Each structure stands twice: as C-alpha cells, then as structure tokens.
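Scroll down for the structure; my scribbles are underneath it.
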Amino acid sequence: MDPVGNPYSPGAGLRPPELAGRTEDISNFETLLARAAAGRATQSVVLTGLRGVGKTVLLNDLADRARRRNWIVAQVEARVDANTKGASFRPMVARSLNQSLRQVTGRVGMRDKLRSALATFKSFSIKTDPSGGLALGIEVDPQGGRADTGSLELDLSELAFDLAESAAELGTGVVVLIDEMQELDGDELAAICTAVHQTGQRSAPFYVIGAGLPSLPGVLAAARSYAERLFTYRPIGPLDAEAARIAVTRPTETQQTEWEPAAVDIVVEASMGYPYFLQEFAKATWDYAPGPTIESDDARLGIQAGRDKLDAGFFASRWNRATPAERDYLRAMAEDGDGPSSSGEIARRLGKVSVQQVGPTRANLIHKGLVFAPEHGLVAYTVPGMAAFIARQVD
Ligand SMILES: Nc1ncnc2c1ncn2[C@@H]1O[C@H](COP(=O)(O)OP(=O)(O)OP(=O)(O)O)[C@@H](O)[C@H]1O
Ligand SMILES: [Mg+2]
Numbered sequence: 119m120d121p122v123g124n125p126y127s128p129g130a131g132l133r134p135p136e137l138a139g140r141t142e143d144i145s146n147f148e149t150l151l152a153r154a155a156a157g158r159a160t161q162s163v164v165l166t167g168l169r170g171v172g173k174t175v176l177l178n179d180l181a182d183r184a185r186r187r188n189w190i191v192a193q194v195e196a197r198v199d200a201n202t203k204g205a206s207f208r209p210m211v212a213r214s215l216n217q218s219l220r221q222v223t224g225r226v227g228m229r230d231k232l233r234s235a236l237a238t239f240k241s242f243s244i245k246t247d248p249s250g251g252l253a254l255g256i257e258v259d260p261q262g263g264r265a266d267t268g269s270l271e272l273d274l275s276e277l278a279f280d281l282a283e284s285a286a287e288l289g290t291g292v293v294v295l296i297d298e299m300q301e302l303d304g305d306e307l308a309a310i311c312t313a314v315h316q317t318g319q320r321s322a323p324f325y326v327i328g329a330g331l332p333s334l335p336g337v338l339a340a341a342r343s344y345a346e347r348l349f350t351y352r353p354i355g356p357l358d359a360e361a362a363r364i365a366v367t368r369p370t371e372t373q374q375t376e377w378e379p380a381a382v383d384i385v386v387e388a389s390m391g392y393p394y395f396l397q398e399f400a401k402a403t404w405d406y407a408p409g410p411t412i413e414s415d416d417a418r419l420g421i422q423a424g425r426d427k428l429d430a431g432f433f434a435s436r437w438n439r440a441t442p443a444e445r446d447y448l449r450a451m452a453e454d455g456d457g458p459s460s461s462g463e464i465a466r467r468l469g470k471v472s473v474q475q476v477g478p479t480r481a482n483l484i485h486k487g488l489v490f491a492p493e494h495g496l497v498a499y500t501v502p503g504m505a506a507f508i509a510r511q512v513d
C-alpha cells in the first residue's frame, strides 16, 4: 500500500501511532501529579528496560502530561556519545529548566515565590555558565548564596527546593525526566538522590522520573545506599499479546484498511511483543500488502523484510562494534538464549580457568552498551533477540 500513508514509526524515541500497553505507568504518573497538587507525597520513579522497549516514548508522554498541567518540567538525555560528550548533567538541566521556567512565567506571571525561585535558578545557571547563556530571558537578579557553591549536590538540592516551593504555590510541582540515566556519573546520581531525598523530607513537590537499562537500579544503589527506597522501580517490558495487537491494528482503523486476525498474530509473535520490532514488522507488512486488507502472506513477507532490516542495522551496528574476543564472549552467551548468563559459566565455555581472565572483555562489552549485569555474577544482552541474531552469523 502507499508508503506515504504508512502509519508505523520504527526508530528511536519516535512517537508511535498508538502508545499501547502503558496505561498503568501513565495512570501512576497521573496519580503522582494529582497527589502532588493535593500536597501529598509520592515516590519518584525509575523505569528500566531493554533497548527498543519504549522507555523514551513513555518518558516523552509523561513529560507532555506534566507540561499540560503547568508543571515546571526539565527533560534531559544523559547519553554519552559523540554529540553530547562532555555535556554534563548540570548545564543540560539548566538549559531545559530555563525553557520551562520561561513558559511557566509567561503563563502565570511573576509571583513572589516564583521570583525568588527564578533568582535561585539564575545563580545556579551563572555558576554553571558565567556568560549567563543558560538563564536567557530570566529577568531577575541572581540570588547570591543560593545554589551557587559549585557543588552539584548542594546546589541541586537548593534549586530543587526553591523551584518546588514556588510550584507548590501554583498548585503544581517540579519534575525532572532523565533518559539514559545509567550514563550519569556517580556524583551526578548522588546529587539527584540527595535532592529527591531532601525535598521529600520537607514535603516539597520535586520528582525525578528516570529511565534506563536494567542496570540502572544497581548504579543508583552504588551512588546512594538509600536509593532503593527513594524510587519506585518499574520494569518496562515487552507488550502482552493484547497490547501488541492494539499497537498493530489501531493505527489503521482510520485508514480504510483492516488487518486479518491471522496476519496480526504473525507480526505479534515474530516481534515477541517488543515495541520497536512491532513497528518495524508492521511497517514492512503495510508496504508489502496490496490492500485493502492486510493478509497473512503480506505479514510473512513483512517480517522477513523487517528481520533483514534489523539484521543489517539494529543488530549489525552492535555486532560490528565488538572485537573478535568480544564476539566470542557474545557467542558463548547465546547458548543461554536471551539470557541472562552466569559470568563464571561463560568463562568456562571459553575455556578459561577463572572468571577474572574474561573480566576485561566483559567490562568492555558493558562499556560499549552491548551487555549489562542484571545482578552480581550475571550478564545479559541489552537488546532482545540478540542470541537469535548471533545464531544467524556465520563468521
Ligand atoms: N507502547 C508502545 N506501543 C507501540 N509502539 C511503541 C511503544 N513504545 C515504543 N514504541 C515504538 O518502539 C520504538 C522504540 O521506542 P523507544 O525509542 O522509546 O525505546 P527505548 O526503550 O527508549 O529504546 P533505547 O533503549 O534504545 O533508547 C519506537 O519506534 C516507538 O515508536
Ligand atoms: Mg530511549
């Protein structure tokens, strides 16, 4: 059918035509917003899941909900890659807050507490970037002695408290959404924990919604031992069969096109419920289908084309980053399917006498983001379906 009308959206962080199967996370967040507005405390949240499971689009949806309710919202991505290298948390959060504060001020006008929160924000920003570029359009004098020590831990807590106090006066709160949170360094994570902890103790509505790989809870616990009690941890998994069917079928409902139930089954099964795979397979199926009904044969062709595309892109980009020794390690893991695998068992499979001998390879794979440690002594792939991809490799 006409690719121009293709509603599916495979990619990274691309809003799906139907955000399926996330009602519970969304309603939990709506409850957090409503409780905060009523002056009741709620825990901050950490969302964890594999690559392509839909963390970023969920986070974007939550951020939009908070913005629609006039919350002060900062949204940052802590990814360490060529484009953002060197960009630490402090300037990122200042830039994002600047935008939100200008919007909120434009909407509600200047109030006393808001003015003093803006003054605190200004000193936080000037300490971050003395040229003042991070507090553009915030026409207040900086508040000397507030959020300007240069220590992220002290400054972030003061800033969080002052912003939250002023938001509370407006019946809202402050939420900082952090994607790829596992990439933050230990000091940044510790500062975030302290800010959440201190504002919580003083009933100031400041919340952090973090998203990251399943290693994130461990990374947070290493930064602050009380982190396990500070956040509600929500694993974001593949969609169940019903939600996966909705993700596939609902986007065509308004397009005079219908999926044959058996064709939907084929796409849902091949994707294992993983949102990114669903989008990729449904998109390719649409392109193959002569229409107007999408049939099983279209789905079979679609998933074949979708798999080829995943093999050439999603999986190959990871496989190609691995050295020969790292590939051996990944191959040894594949015996356990999508895992997890025991590090000791992998060492044994590789013919090593001790787990230490393969320690550096494992560490490099973790550093490259190809595997993570779900628990001490275990490793797993960061992408679903990696074991099957490796089985298809012949080199
Ligand atoms: N609930 C959902 N229903 C339907 N499609 C979804 C859903 N969530 C995500 N998607 C689709 O899945 C793909 C991956 O989403 P997203 O980039 O948010 O994943 P992610 O978990 O952030 O991945 P990564 O860890 O690589 O950043 C996108 O194409 C998106 O449109
Ligand atoms: Mg993401």
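With the first letter of the sequence shown counted as 1, position 168 gets the number 286 in the working numbering; the numbers rise by one all the way through. For glycine and all other residues, C-beta sits at the position ideal for the given N, C-alpha and C. No experiment lies behind these values; they were computed from the predicted model shown.
Check: At what residues does the beta strand (DSSP E) containing residue 296 begin and finish?
Finding: As a first step, residue 296 must be located in the sequence shown, where it is residue number 178. Residue 296 -> beta strand (DSSP E) spans 292-297.
Check: According to the Cβ coordinates, are residue 427 and residue 398 closer than 8 Å?
Finding: Taking the first residue of the sequence shown as 1, we reach residue 427 at position 309. Taking the first residue of the sequence shown as 1, we reach residue 398 at position 280. Yes.
Next item on the list: Could you have a look at residue 249 and say whether DSSP puts it in helix, strand or coil?
Entry: For the purposes of this step, residue 249 is identified with residue 131 of the sequence shown, where counting begins at 1. In this structure, residue 249 counts as coil in the three-state DSSP scheme.
Notebook entry, point to check: According to DSSP, is residue 327 helix, strand or coil?
Noted result: One-based indexing of the sequence shown puts residue 327 at position 209. Strand at residue 327.
Check: Who are the Cβ neighbours of residue 208 in its own chain at under 7 Å, not counting the five residues just before and after it?
Finding: Locating residue 208 in the sequence shown gives position 90, counting from the first residue. Hits under 7 Å: 246 and 270.
Margin query: Between residue 427 and ligand 2, is there a pair consisting of the residue's CB and a ligand heavy atom that are separated by less than 7 Å?
Written below: Here residue 427 is taken as the residue at index 309 of the sequence shown, counted from 1. Not so, every heavy atom of ligand 2 lies at least 7 Å from the Cβ.
Next item on the list: Identify, in the order they occur along the chain, each residue of the same chain with its Cβ nearer than 7 Å to the Cβ of residue 187, setting aside the five sequence neighbours on each side.
Entry: Taking the sequence shown and counting its residues from 1, the one referred to as residue 187 is at position 69. If we look at residue 187 and ignore the five residues flanking it on each side, its Cβ neighbours are 151 and 290.
Next item on the list: Could you check which residue in 368, 384 and 276 has the C-alpha nearest to that of residue 313?
Entry: Position 195 of the sequence shown, counted from the start, is the residue given in the question as residue 313. Per the Cα distances, 276.
Next item on the list: Work out the CA separation of residue 495 and residue 338 for me, nearest whole Å.
Entry: Counted from its first residue, the sequence shown places residue 338 at position 220. Counted from its first residue, the sequence shown places residue 495 at position 377. Cα to Cα, the separation comes out at about 18 Å.
Notebook entry, point to check: Would you call residue 180 buried or exposed, if buried means 16 or more other Cβ atoms sit within 10 Å of its Cβ?
Noted result: Numbered from 1 along the sequence shown, position 62 holds the residue referred to as residue 180. That one is buried.
Notebook entry, point to check: Taking the runs of the beta strand (DSSP E) that are 3 residues or longer, which of them lie wholly in the stretch 348-418?
Noted result: 349-353
Next item on the list: Determine the direct distance from the alpha carbon of residue 413 to that of residue 443, and round the result to whole angstroms.
Entry: Taking the first residue of the sequence shown as 1, we reach residue 443 at position 325. Taking the first residue of the sequence shown as 1, we reach residue 413 at position 295. If you take the alpha carbons of residue 443 and residue 413, they lie about 44 Å apart.
Check: Which first and last residues belong to the alpha helix (DSSP H) in which residue 256 is found?
Finding: Working through the sequence shown from its first residue, we reach residue 256 at position 138. Segment: none, residue 256 is in no alpha helix (DSSP H) and carries neither H nor E.
Item checked: Below-8 Å beta-carbon distance, residue 487 vs any chain D residue -> The chain inventory of the structure shown lacks chain D, comprising one protein chain alone.
Next item on the list: May I ask you to list the residues that DSSP assigns as paired with residue 165?
Entry: Reading the sequence shown from its first residue, position 47 is the one you call residue 165. Answer by DSSP bridge pairing, in chain order: 329 and 352.
Note to self: When you compare the CB positions of residue 331 and residue 174, do they come within less than 8 Å of one another, or not?
What the structure shows: The residue given as residue 331 occupies position 213 in the sequence shown. The residue given as residue 174 occupies position 56 in the sequence shown. Their beta carbons are not under 8 Å apart, which means residue 331 does not touch residue 174 by this criterion.
Checklist line | Beta-carbon proximity list for residue 433, same chain, < 6 Å, skipping 5 on both sides | finding: Residue numbering aside, residue 433 sits at position 315 when the sequence shown is read from its first letter. Contacts found: 507.
Next item on the list: Return yes when at least one heavy atom of ligand 2 lies under 7 Å from the C-beta of residue 131, else no.
Entry: Taking the sequence shown and counting its residues from 1, the one referred to as residue 131 is at position 13. Yes, Cβ of residue 131 sits closer than 7 Å to a heavy atom of ligand 2.
Item checked: Whole-Å CB distance - residue 235 paired with residue 281, under 8 Å assumed -> Numbered from its first residue, the sequence shown carries residue 235 at position 117. Numbered from its first residue, the sequence shown carries residue 281 at position 163. Right, the Cβ-Cβ distance comes to about 5 Å (below 8 Å), so this counts as a contact.
Checklist line | Straight-line gap, residue 355 to residue 168 (C-alpha atoms, nearest Å) | finding: The count along the sequence shown starts at 1 and reaches residue 355 at position 237. The count along the sequence shown starts at 1 and reaches residue 168 at position 50. Going from the Cα of residue 355 to the Cα of residue 168 covers about 8 Å.
Item checked: Distance, residue 123 Cα to residue 372 Cα -> Position 254 of the sequence shown, counted from the first residue, corresponds to residue 372. Position 5 of the sequence shown, counted from the first residue, corresponds to residue 123. Roughly 11 Å separates the two Cα atoms.
Check: So does residue 309 have its beta carbon nearer than 7 Å to some heavy atom of ligand 1?
Finding: Along the sequence shown, read from residue 1 onward, the residue named residue 309 stands at position 191. Result no, Cβ not under 7 Å from ligand 1.
Item checked: residue 150 (DSSP reduced to helix, strand or coil) -> The count along the sequence shown starts at 1 and reaches residue 150 at position 32. Of the three classes helix, strand and coil, the one that applies to residue 150 here is helix, per DSSP.
Note to self: Suppose contacts are defined by Cβ-Cβ distances below 8 Å. Is residue 320 in contact with residue 279 by that definition?
What the structure shows: For the purposes of this step, residue 320 is taken as the residue at position 202 of the sequence shown. For the purposes of this step, residue 279 is taken as the residue at position 161 of the sequence shown. Taking 8 Å as the Cβ cut-off, residue 320 and residue 279 qualify as a contacting pair.
Check: So what does residue 193 bridge to, in DSSP terms?
Finding: As a first step, residue 193 is located in the sequence shown; it is residue number 75 there, counting from the start. BP columns for residue 193 point to 295.
Notebook entry, point to check: Quick one: what's got a C-beta closer than 8 Å to residue 325's C-beta in the same chain, skipping five residues either side?
Noted result: The residue labelled residue 325 in the question sits at position 207 within the sequence shown. The answer, listed in chain order, is 150, 154, 160, 162, 163, 291, 292, 293, 294 and 314.
Notebook entry, point to check: What does DSSP give as the partner residues of residue 460 in its beta bridges?
Noted result: Numbered from its first residue, the sequence shown carries residue 460 at position 342. According to DSSP, residue 460 bridges with 496.
Notebook entry, point to check: Taking buried to mean at least 16 other C-beta atoms within 10 Å of its own C-beta, is residue 300 buried or exposed?
Noted result: Taking the sequence shown and counting its residues from 1, one reaches residue 300 at position 182. Residue 300 is buried by the Cβ-count criterion.
Notebook entry, point to check: Under 8 Å, do residue 206 and residue 306 count as touching if we go by C-beta distance?
Noted result: As a working mapping, residue 206 is identified with position 88 in the sequence shown. As a working mapping, residue 306 is identified with position 188 in the sequence shown. Yes, the pair counts as a contact, with Cβ atoms nearer than the cut-off.
Note to self: As a quick exercise: from 318, 240, 393 and 296, pick the residue whose alpha carbon is nearest that of residue 360.
What the structure shows: On the sequence shown, residue 360 is found 242 positions in, with the first residue counted as 1. Per the Cα distances, 393.
Margin query: Looking at the secondary structure, which residues open and close the alpha helix (DSSP H) in which residue 175 lies?
Written below: Locating residue 175 in the sequence shown gives position 57, where the first residue counts as 1. Per DSSP, residue 175 belongs to the alpha helix (DSSP H) from 173-186.
Next item on the list: Please classify residue 501: does DSSP put it in a helix, a strand, or coil?
Entry: Within the sequence shown, numbered from 1, the residue matching residue 501 stands at position 383. DSSP, reduced to helix, strand and coil, places residue 501 outside both helices and strands of the structure shown, so it counts as coil.
Notebook entry, point to check: Can the beta-carbon of residue 177 be found less than 8 Å from the beta-carbon of residue 345?
Noted result: Residue numbering aside, residue 177 sits at position 59 when the sequence shown is read from its first letter. Residue numbering aside, residue 345 sits at position 227 when the sequence shown is read from its first letter. In this structure, residue 345 does not lie closer than 8 Å to residue 177 by Cβ.
Check: If you run the structure through DSSP and keep just helix, strand and coil, what is residue 489?
Finding: Your numbering for residue 489 matches position 371 in the sequence shown. Note: residue 489 maps to strand in three-state DSSP.
Next item on the list: Quick one: using the 10 Å Cβ neighbour count with 16 as the cut-off for buried, is residue 389 buried or exposed?
Entry: As a first step, residue 389 is located in the sequence shown; it is residue number 271 there, counting from the start. Under this definition residue 389 is a buried residue.
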